[in-house]
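K.L.:
Structure below; questions to follow.
In the working numbering, the protein residues as written are 494 to 903.
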């Protein structure tokens, strides 16, 4: 299994919307960036782990890497510099750095570690029901279960682990590094691979850290045309976010997935696509999904565009796609070209989530981004300064097409 480490695109205009044309990607087997974090004394570390079928072996690889990952934060290396070159050095038996070197950064003695999954249900479709499989919709809640389903004790029953080596917190967190690694490994493996096959990897992170009013449930109207709408507010998630996210921490997000993202807009009629009952796209969509005449065969004709009666695509199967043409696993891929409609959130939603002080609520009003606010202050009293965007990192452990990294493309 090959993984690529990469950061979410934050600057290039071409990354602001889901691509509808092919392009040659820039890929690296490993991407790393040195973080000068001497001023950081706490980290909120969130793992988003895909829990669909086929993920067990990837979760095992991540679990095996857990001790090294934590050790790098808890026991930073000694380094010395020769010009711009950084040389890592072993510590002396007394734990100090050799002469001429220094710690890469001060050991982090306050770390929150939380885990969420990619399963947010089927958005009102007939897929990913929770009746007999609760993990089909983990609701972006913090997960603290073992692989056998038993509950892992967490810090003050808040759903996450707390690294507290000096035992200064009340209540106390975990102070033994071996115990921290062991419990964290159990949490990683406990995510399991019994979740929804329509992975909403991006939206799960957004929903836990940023969504100002995460909905409680999705309901679908019975009258035609059937439409999904959002009901209530998920108060449990808001409380978990409030407990987990500190205003003065470095926030590090790590996503692990082996499939494309399927972060679908939960309102409207996107669930028709998952159920395989949506109309195909007009002919022009195959050539140019951005064309103004690219829309669904199920939509009314538009002036200046080829009418439905003359469009060959709209005459096939009365304009509806069948399972053979667009199987289950491809229903979140290249939607505009297939359906004439894009039902997935634009990736700009997630770029803004990591960089902007305000984000839209469910009414479309711009409100404080929880990632850059103090969730503990009330009525503007004793609020801590806003987190700088430079203290937010999102790393992805994901698969890449083998053609992009093969030395010999043939």
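All C-beta atoms in this analysis are idealised placements derived from N, C-alpha and C, irrespective of residue type, glycine included. No experiment lies behind these values; they were computed from the predicted model shown.
Let me check understanding here. Comparing Cα to Cα, which of 823, 891, 743 and 764 lies closest to residue 538?
P.N.:
Within the chain shown, residue 538 is the residue found at index 45, counting from 1. When each option's Cα is compared against that of residue 538, the closest is 743.
K.L.:
Report the residue from 710, 723, 760 and 701 whose alpha carbon sits nearest the alpha carbon of residue 904.
P.N.:
The displayed coordinates of the chain run from 494 to 903. Any statement about residue 904 would go beyond what the structure contains.
K.L.:
In this structure, how does DSSP classify residue 548 when only helix, strand and coil are distinguished?
P.N.:
Counting from one through the chain shown, the residue named residue 548 turns up at place 55. If DSSP states are grouped into helix, strand and coil, residue 548 belongs with coil.
K.L.:
What residue from 791, 762 and 806 has the CA that sits closest to residue 777's CA?
P.N.:
Your numbering for residue 777 matches position 284 in the chain shown. Closest option to residue 777, Cα to Cα, is 806.
K.L.:
For residue 864, which residues of its own chain have a beta-carbon under 8 Å away from its beta-carbon, when the five flanking residues on both sides are left out?
P.N.:
Counted from its first residue, the chain shown places residue 864 at position 371. Once the five neighbours on either side are set aside, the close Cβ partners of residue 864 are 702, 703, 738, 744, 846, 847, 880 and 885.
K.L.:
Just curious, the alpha helix (DSSP H) that residue 680 is in, first and last residue?
P.N.:
For the purposes of this step, residue 680 is identified with residue 187 of the chain shown, where counting begins at 1. Start and end: 670–683.
K.L.:
What are the boundary residues of the beta strand (DSSP E) that residue 710 is part of?
P.N.:
Mapped onto the chain shown, residue 710 falls at position 217. Element bounds for residue 710: 708–713.
K.L.:
Would a C-beta distance cut-off of 9 Å place residue 617 and residue 721 closer than the cut-off?
P.N.:
Start at 1 with the first residue of the chain shown, and residue 617 comes out as number 124. Start at 1 with the first residue of the chain shown, and residue 721 comes out as number 228. A contact, by the Cβ cut-off of 9 Å.
K.L.:
Quick one: residues in its chain with C-beta nearer than 8 Å to the C-beta of residue 809, no 5 flanking neighbours on either side, listed in chain order?
P.N.:
Sequence index remark: in the chain shown, residue 809 carries index 316 (1-based). So the qualifying residues of the chain are 773.
K.L.:
Ignoring anything shorter than 4 residues or poking outside the region 754–815, list the alpha helix (DSSP H) runs there in chain order.
P.N.:
The DSSP assignment places 764–767 and 777–780 as complete runs of the alpha helix (DSSP H) inside the region 754–815, in order along the chain (cut-off: 4 residues).
K.L.:
Taking only the alpha-carbon atoms, compute the straight-line gap between residue 843 and residue 699 and give it to the nearest angstrom.
P.N.:
As a first step, residue 843 is located in the chain shown; it is residue number 350 there, counting from the start. As a first step, residue 699 is located in the chain shown; it is residue number 206 there, counting from the start. Each residue's alpha carbon lies about 7 Å from the other.
K.L.:
Do you know offhand how far residue 674's Cα is from residue 746's?
P.N.:
Numbered from its first residue, the chain shown carries residue 674 at position 181. Numbered from its first residue, the chain shown carries residue 746 at position 253. Using only the alpha carbons, I get a separation of about 18 Å.
K.L.:
Is the distance from the Cβ of residue 634 to the Cβ of residue 606 below 9 Å?
P.N.:
Along the chain shown, read from residue 1 onward, the residue named residue 634 stands at position 141. Along the chain shown, read from residue 1 onward, the residue named residue 606 stands at position 113. Not in contact: residue 634 and residue 606 (Cβ atoms no closer than 9 Å).
K.L.:
Would residue 799 and residue 691 qualify as a contact pair, given that the criterion is a beta-carbon distance under 9 Å?
P.N.:
Position 306 of the chain shown holds residue 799. Position 198 of the chain shown holds residue 691. For residue 799 and residue 691, no; Cβs fall outside 9 Å.
K.L.:
Can you say whether residue 574 is buried or exposed, counting buried as having 16 or more other CB atoms within 10 angstroms of its CB?
P.N.:
Here residue 574 refers to the residue found at position 81 of the chain shown. Flag for residue 574 reads exposed.
K.L.:
Determine the closest residue to residue 693 out of 591, 752 and 555, with distance taken between C-alpha atoms.
P.N.:
In the chain shown, residue 693 corresponds to position 200, counting from 1. For residue 693, the nearest C-alpha among the options comes from 752.
K.L.:
Do you know whose CA, among 600, 556, 643 and 545, lies nearest residue 568's CA?
P.N.:
As a first step, residue 568 must be located in the chain shown, where it is residue number 75. When each option's Cα is compared against that of residue 568, the closest is 600.
K.L.:
Which residue's Cα is closest to the Cα of residue 750: 663, 540 and 784?
P.N.:
Residue 750 sits at position 257 when you count from the first residue of the chain shown. Closest by alpha carbon: 540.
K.L.:
So what's residue 727 in DSSP terms, helix, strand or just coil?
P.N.:
Looking up residue 727 in the chain shown gives position 234. In this structure, residue 727 counts as coil in the three-state DSSP scheme.
K.L.:
Does the region 704–714 come within contact of the region 722–730, defined as at least 3 CB pairs closer than 8 Å?
P.N.:
Flag = yes, the region 704–714 and the region 722–730 touch.
K.L.:
Beta carbon of residue 613, beta carbon of residue 631: below 9 Å?
P.N.:
Position 120 of the chain shown, counted from the start, is the residue given in the question as residue 613. Position 138 of the chain shown, counted from the start, is the residue given in the question as residue 631. A contact, by the Cβ cut-off of 9 Å.
K.L.:
For the putative contact between residue 637 and residue 680, defined by C-beta atoms under 8 Å, what is the C-beta separation to the nearest angstrom?
P.N.:
Within the chain shown, the letter at position 144 stands for residue 637. Within the chain shown, the letter at position 187 stands for residue 680. Correct: roughly 6 Å between the Cβ atoms.
K.L.:
Return the bridge partner residues of residue 722 from the DSSP annotation.
P.N.:
As a first step, residue 722 must be located in the chain shown, where it is residue number 229. DSSP, once it has assigned bridges, lists 712 as partnering residue 722.
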